[in-house]
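Protein chains in written order, with my numbering: chain A, 6 to 432; chain B, 47 to 336.
Even glycine gets a Cβ: it sits at the ideal position worked out from N, Cα and C.
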Amino acid sequence: MSYETAFRLNRRTFLGGAVSGLALMAAGPAFAQGKTLQVLSHRVHQTSLGEGDADMLAAWKAENNADVMFTTLDSNPLMDRLFREASLAQTDFSVGYMVDNRPTSENATLFEDLRAYQDADPIEDFDDIAPGLVQGMTIDGRLIGIPVRTATQGLFYNEELLADAGFDGPAKTLEELVEQCVAISAKGRATGMILASDLAVFPVMFARAFGGDYISQDFTLLPDPAAMEKALTVLADMFSRGALPRSYATNKGEELLTWMQQGRAAYSVLPFARMGQLADPALTEYAGKIKVTAFPGSETLAADTAMSSVVEAWAMTIPANAVDKELAWSYIKEVSSRKNTLGMALNGNGPARVSTFLDPELTSKNDFAHIESEVLANARGAFPPFGEAARAQQLFLEEVQLTVLGRKSPADAVAAIQSRIQPLLPA
Amino acid sequence: MKTSSLWRMMPLLAPTQLLLISVIVIPSIYVVWLSFHASTYGQAATFVGIENYIRVLGDPGFHSALWNTVVLVVVAVHLELLIALGMALLFNSGLWGRRFLLVAVLAPYAVSEVVAVAMWRFLFDQGVGPITVLLNALGLPALEWSYEPSHAMIMIAVLTIWMHLPFTFVILYAARLALPSDLYEAARIDGATRLQSFRRVTMPLLGPAILVALLFRYIFAFRMFSEVWLLTGGGPARTTEVVAVYLYQEAFTYSAFGPASATAWIMVAVSMLLASGYILLLRRQVKNAA
Chain A
6 MSYETAFRLN RRTFLGGAVS GLALMAAGPA FAQGKTLQVL SHRVHQTSLG EGDADMLAAW
66 KAENNADVMF TTLDSNPLMD RLFREASLAQ TDFSVGYMVD NRPTSENATL FEDLRAYQDA
126 DPIEDFDDIA PGLVQGMTID GRLIGIPVRT ATQGLFYNEE LLADAGFDGP AKTLEELVEQ
186 CVAISAKGRA TGMILASDLA VFPVMFARAF GGDYISQDFT LLPDPAAMEK ALTVLADMFS
246 RGALPRSYAT NKGEELLTWM QQGRAAYSVL PFARMGQLAD PALTEYAGKI KVTAFPGSET
306 LAADTAMSSV VEAWAMTIPA NAVDKELAWS YIKEVSSRKN TLGMALNGNG PARVSTFLDP
366 ELTSKNDFAH IESEVLANAR GAFPPFGEAA RAQQLFLEEV QLTVLGRKSP ADAVAAIQSR
426 IQPLLPA
Chain B
47 MKTSSLWRMM PLLAPTQLLL ISVIVIPSIY VVWLSFHAST YGQAATFVGI ENYIRVLGDP
107 GFHSALWNTV VLVVVAVHLE LLIALGMALL FNSGLWGRRF LLVAVLAPYA VSEVVAVAMW
167 RFLFDQGVGP ITVLLNALGL PALEWSYEPS HAMIMIAVLT IWMHLPFTFV ILYAARLALP
227 SDLYEAARID GATRLQSFRR VTMPLLGPAI LVALLFRYIF AFRMFSEVWL LTGGGPARTT
287 EVVAVYLYQE AFTYSAFGPA SATAWIMVAV SMLLASGYIL LLRRQVKNAA
């Protein structure tokens with residue numbers, strides 16, 4: 006037999022090699038780890054746990070002979086995927102991260118009641134997790150999620166751009182904020198403020214600055230319509246005077262960060278946790294010049310009424326049809342521990358534990374932790390969860406956009422919000 | 047065909063038929079079923095009759111989305127056809143650097159839709175977009191696509207034409223290349239001008255190809271989604287929303303699967319209605335050719 010004949014690639018050799026290769030690849034992970042926990046989350050949940058040498062779960066993985074495989078998606082697709090997975094006969098995802106404005110009486114039934122797990126094998130110092138957040142994930146008496154992340158909105162500002170326009174510090178009142186934004190835009194170097202038009206967070210913050218709200222926790226729509234009208238008037242005024250960019254109506258949440266990093270806007274409203282990306286010299290030439298403070302209330306806001314910022318919380322859930330619920334609970338326990346909550350906070354995650362904000366390790370490294378803690382004390386969700394919440398938000402945003410662009414008067418928009426959204430609220 | 051030979055062929059045809067049944071027929075039937083039910087996550091589907099259809103057809107948001115879709119389809123598809131026809135004739139006339147230009151014309155079809163829209167968003171960014179800056183430098187008004195709905199519609203139409211022009215162009219160019227040159231020679235000998243040759247020879251013979259291109263583009267364009275979703279998200283204030291975006295919102299933002307399914311079937315009906323004239327013409331041509 007010649008050398009060429011011995012090594013000729015024929016169909017049998019190719020198929021045999023391919024099958025052996027695939028079998029080896031399939032067996033590979035089995036040699037490395039006994040179990041794999043599949044987690045459905047946002048990318049930020051994965052990165053806050055650290056990666057590589059800084060992996061906070063390394064010891065837990067070794068102890069449980071398990072690996073964690075994250076599938077990450079953006080917020081809305083993530084929620085859709087989680088509910089779809091939970092609706093199947095069985096899902097490979099044993100842990101899913103859920104935002105607090107999505108659970109309803111209907112979809113909560115798709116998830117395990119974690120109270121039984123907590124009673125049997127408790128999370129360390131569970132009472133330290135903010136009770137309001139735990140309450141938000143308790144639907145019809147069932148605890149469906151363990152809070153793990155808070156995203157509290159703060160007012161970010163670029164000191165250099167403020168100084169350039171002659172301001173020595175951030176605005177203390179909403180009226181001052183508007184005037185600063187107008188002046189900065191007029192200067193021409195940057196836009197006064199960048200806001201996204203696809204999230205209710207921003208008009209809600211402005212309404213709260215006047216003591217109003219969009220939907221209160223007891224499902225009252227526009228508890229103070231006059232406050233919402235004032236908020237829309239301010240936003241429309243800012244747009245007409247150039248304090249908001251002409252692209253306002255198509256600006257999306259994820260673009261705000263880029264605008265701030267590039268110095269295209271002096272002010273924005275973002276979660277405190279975004280500071281990491283705004284203080285990194287590799288990401289922005291304004292690192293160290295971008296600061297964050299509490300969003301100011303209006304001068305007309307009663308002295309005894311605190312400005313309530315918007316906070317969004319994420320929680321870890323176990324789908325009722327998950328394949329490995331015990332391992333999932335073990336993961337949730339580990340991630341929720343005091344040590345890991347602090348570790349995640351140091352990586353930029355907004356902690357769900359009250360004590361973490363006061364931890365010296367965090368306060369020594371994060372200049373803004375105490376401000377976040379103060380803002381969080383008065384913060385609440387943009388709106389409570391209910392079945393038609395997403396549709397209601399869309400209608401609300403449509404009316405807000407029409408007003409800001411000057412196509413509808415604030416009074417007409419408020420009337421339209423009331424007539425269009427009221428039928429969607431729970432009876 | 048004899049019944050016995052049909053039975054012998056069945057095992058050979060079965061895999062394809064099974065594939066079509068499993069990925070098209072069964073899901074379609076399921077969507078029909080769903081369109082008559084109220085269904086969301088964590089809730090058993092309940093029969094509601096034609097309520098979903100009434101709700102969708104009575105929704106002003108749907109009317110606006112349907113109108114935007116029809117306007118975009120009619121304008122973009124016909125403009126695209128005119129441009130593609132002109133380019134096909136230009137390429138056929140012996141254009142210099144044809145090979146290179148052919149690659150340039152076909153390139154948009156090789157670009158991912160997401161990348162293409164991101165690129166256009168940057169080019170026409172109202173603050174720092176190179177084209178906006180250029181227009182301003184020339185003293186020309188910029189396209190305010192995120193503020194003015196009509197500008198946004200123009201932007202979407204231009205983008206969709208740019209993205210899909212290669213498809214129409216390839217069909218028409220291939221059809222033009224297939225036309226025998228002796229017909230043009232005969233026309234020239236008979237004293238026909240270039241315009242007369244175009245009207246009397248090129249257009250009638252390109253007719254079937256034009257119809258096929260129009261039909262496909264009508265159907266594709268009616269499903270237009272990524273251009274609108276990624277560029278304007280249906281804004282400002284839902285003024286550029288198209289039917290596919292409306293459907294997406296119902297299904298994946300509001301988790302209202304009944305109205306979403308009803309919208310899907312209304313989309314099928316309207317796109318068939320829009321394309322029906324061309325389908326009849328095509329059918330007549332096929333009959334005449336037989």
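Spatial distance of residue i from residue j (CA atoms)
| i | j | result |
| --- | --- | --- |
| residue 70 of chain B | residue 324 of chain B | 24 Å |
| residue 193 of chain B | residue 405 of chain A | 14 Å |
| residue 427 of chain A | residue 126 of chain A | 43 Å |
| residue 51 of chain A | residue 204 of chain A | 24 Å |
| residue 330 of chain B | residue 245 of chain B | 21 Å |
| residue 214 of chain B | residue 107 of chain A | 44 Å |
| residue 269 of chain A | residue 378 of chain A | 28 Å |
| residue 129 of chain A | residue 147 of chain A | 20 Å |
| residue 313 of chain A | residue 156 of chain A | 14 Å |
| residue 7 of chain A | residue 227 of chain B | With a pLDDT of 44 at residue 7 of chain A, under the threshold of 50, the modelled position of that residue is not reliable, and the figure given next carries that caveat. So the two alpha carbons sit approximately 58 Å from each other. |
| residue 267 of chain A | residue 159 of chain A | 19 Å |
| residue 10 of chain A | residue 20 of chain A | Note that residue 10 of chain A has pLDDT 47, beneath the 50 cutoff, so the model's placement of it is unreliable and the number below is only indicative. Residue 10 of chain A and residue 20 of chain A: Cα-Cα distance of roughly 18 Å. |
| residue 368 of chain A | residue 281 of chain A | 14 Å |
| residue 88 of chain B | residue 185 of chain B | 57 Å |
| residue 242 of chain B | residue 83 of chain A | 60 Å |
Closer than 8 Å to chain C by CB, residue i
| i | result |
| --- | --- |
| residue 377 of chain A | No chain C is part of this structure, whose protein chains are labelled A and B. |
Boundaries of the beta strand (DSSP E) in which residue i is found, first to last residue
| i | result |
| --- | --- |
| residue 102 of chain A | 98-104 |
| residue 406 of chain A | No beta strand (DSSP E) holds residue 406 of chain A; the alpha helix (DSSP H) holding it covers 394-409. |
| residue 163 of chain A | 151-163 |
| residue 72 of chain A | 71-77 |
| residue 87 of chain B | Where residue 87 of chain B is concerned, there is no enclosing beta strand (DSSP E), given that its DSSP letter is neither H nor E. |
| residue 199 of chain A | 196-199 |
| residue 273 of chain A | 270-276 |
Element boundaries [alpha helix (DSSP H), containing residue i]
| i | result |
| --- | --- |
| residue 75 of chain B | 72-81 |
| residue 238 of chain A | 230-245 |
| residue 253 of chain A | Taken as a continuous stretch (DSSP letters only), residue 253 of chain A belongs to no alpha helix (DSSP H), as it is neither H nor E. |
| residue 266 of chain B | 249-268 |
| residue 203 of chain B | 195-223 |
| residue 159 of chain B | 159-169 |
| residue 320 of chain A | Taken as a continuous stretch (DSSP letters only), residue 320 of chain A belongs to no alpha helix (DSSP H), being part of the beta strand (DSSP E) at 316-322. |
| residue 52 of chain A | 48-52 |
| residue 207 of chain A | 206-214 |
| residue 152 of chain B | 144-156 |
| residue 275 of chain B | 272-277 |
| residue 383 of chain A | 374-383 |
| residue 370 of chain A | 365-370 |
| residue 181 of chain A | 179-192 |
Beta-bridge pairing of residue i - partner residues as DSSP gives them
| i | result |
| --- | --- |
| residue 135 of chain B | Paired residues: none, contrary to the question. |
| residue 295 of chain A | A:163 |
| residue 347 of chain A | According to DSSP, which records beta bridges pairwise, residue 347 of chain A is partnered with nothing at all. |
| residue 327 of chain A | A:96 |
| residue 147 of chain A | A:144 |
| residue 43 of chain A | A:74 and A:98 |
Heavy atom of the ligand SAM within 7 Å of residue i beta-carbon
| i | result |
| --- | --- |
| residue 347 of chain A | You won't find the ligand SAM in this model; it holds no ligand whatsoever. |
Task: Positions along the stretch 141-165 of chain A whose CB lies within less than 8 Å of some CB in chain B - done: Using a CB distance below 8 Å, no part of the stretch 141-165 of chain A faces chain B.
- [ ] Determine contact between the stretch 52-70 of chain B and the stretch 247-263 of chain A, defined as no fewer than three beta-carbon pairs at a distance below 8 Å.
- [x] Pairwise C-beta distances place the stretch 52-70 of chain B out of contact with the stretch 247-263 of chain A, as fewer than three of them are shorter than 8 Å.
Open item on the list: Below 8 Å, how does it come out for the stretch 307-327 of chain A and the stretch 112-119 of chain A: are there three or more Cβ pairs, yes or no?
Closed with: Yes, they touch.
Task: the stretch 80-95 of chain A: positions lying closer than 7 Å to chain B by Cβ - done: Residues 81, 85, 88 and 92.
- [ ] Could you tell me whether the stretch 349-360 of chain A touches the stretch 131-148 of chain A, where touching means 3 or more Cβ pairs closer than 8 Å?
- [x] In short, these stretches touch, since the Cβ pair count reaches three.
- [ ] Check distances from the C-beta atoms of the stretch 182-195 of chain B to those of chain A and list, in chain order, the residues that come in under 8 Å.
- [x] Here the close residues are 190, 191, 192 and 193.
Open item on the list: Between the stretch 289-301 of chain B and the stretch 156-174 of chain B, can you find at least three pairs of beta-carbon atoms closer than 8 Å?
Closed with: Flag = no, the stretch 156-174 of chain B and the stretch 289-301 of chain B do not touch.
Open item on the list: Taking beta-carbon pairs under 7 Å, can you tell me which members of the stretch 263-291 of chain B lie near chain A?
Closed with: Answer in chain order: 278, 279, 281, 282, 283 and 284.
Task: Inter-stretch contact at 8 Å, needing at least 3 Cβ pairs: the stretch 391-400 of chain A / the stretch 267-277 of chain B - done: The stretch 391-400 of chain A is not in contact with the stretch 267-277 of chain B.
Task: Meets three-Cβ-pair contact criterion under 8 Å: the stretch 74-81 of chain B and the stretch 302-322 of chain B - done: Yes, the stretch 74-81 of chain B touches the stretch 302-322 of chain B.
- [ ] Taking a Cβ distance cut-off of 8 Å, strictly less, list which residues of the stretch 291-310 of chain B are near chain A, in chain order.
- [x] Result list: 295, 298, 299, 300, 301 and 302.
Open item on the list: If the cut-off is 9 Å on Cβ atoms, which residues from the stretch 164-176 of chain B count as contacting chain A, listed in chain order?
Closed with: Listed by position along the chain: 167, 171, 172, 173 and 174.
Task: the stretch 282-301 of chain A / the stretch 217-236 of chain A touching (three or more Cβ pairs under 8 Å) - done: Fewer than three pairs of CB atoms, one per stretch, sit closer than 8 Å, so the stretch 282-301 of chain A makes no contact with the stretch 217-236 of chain A.
Task: chain A contacts from the stretch 83-95 of chain B (Cβ-Cβ distance under 8 Å) - done: Those would be 86, 87, 88 and 89, in chain order.
Task: Short-range partners of chain B found in the stretch 236-255 of chain A, where Cβ spacing is below 7 Å - done: Cβ contacts with chain B: 250, 251, 252, 254 and 255.
Task: Sufficient close CB pairs (3 or more, under 8 Å) joining the stretch 139-156 of chain B to the stretch 246-259 of chain B - done: Proximity of the stretch 139-156 of chain B to the stretch 246-259 of chain B falls short of the contact definition, fewer than three beta-carbon pairs being nearer than 8 Å.
Open item on the list: Would you call the stretch 91-102 of chain A in contact with the stretch 37-47 of chain A, where contact means no fewer than 3 C-beta pairs closer than 8 Å?
Closed with: Contact holds between the stretch 91-102 of chain A and the stretch 37-47 of chain A, because three or more Cβ pairs, one in each stretch, are under 8 Å apart.
Open item on the list: If contact is defined by three or more beta carbon pairs under 8 Å, each pair taking one atom from either stretch, is the stretch 279-294 of chain B in contact with the stretch 395-414 of chain A?
Closed with: Touching, per the Cβ criterion.
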